[in-house]
Amino acid sequence: MSNPGNIIGGHKANLSNPNTSEESKQHSMEVIENEYGGGNVGQSSDDSSKNPNNVAGGLKATLKNSNVSEEAKDSAEERLNDMSSEGSDDSGKNPNNVARGLKATLKNPNVSQEAKDNAEQRLNDM
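Sequential numbering of the sequence shown, starting at 0, is according to numbering that gives the first Met the number 0.
Listed below in structure tokens is the structure:
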């Protein structure tokens, strides 16, 4: 099935397009009202079905984007901190790959001593 948000978006675009006929606009209005309850598509603020690495990457990008308001940056930073405070349990990850990554961190000359100490501690805890 098609994404309802995309369908509604297409009909809303049709309504604001000066090159479409009144009949087409009327049809779009009817579809939005009758089939999609006025076009109010709820957004999920629940990130449980999303890849946490992608969510974190998007939040980090928000922090560095100069076109984003300070309020949005504060919100992104708060969410990012909440995600990191949930712990860095490596559940769902291959423990051998995690160990290899931590060992690589220890040998990487571009990594800070603090990060190396953290990696060594995590390796010892495994």
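Backbone N, C-alpha and C define an ideal beta-carbon position, used for all residues, glycine too.
Spatial neighbours of T19 in its own chain (CB-CB distance under 7 Å, excluding positions within 5 residues in sequence) are listed in chain order as N13. Look at N50 here: in three-state DSSP terms it is coil, with no helix or strand label. Apart from sequence neighbours up to five positions away, the residues of its chain that approach M82 with a beta-carbon distance below 8 Å are P51, V54, A55 and L58, ordered along the chain. Secondary structure of M125 (DSSP, three-state): coil. Taking the Cα positions, K49 is about 25 Å away from S65.
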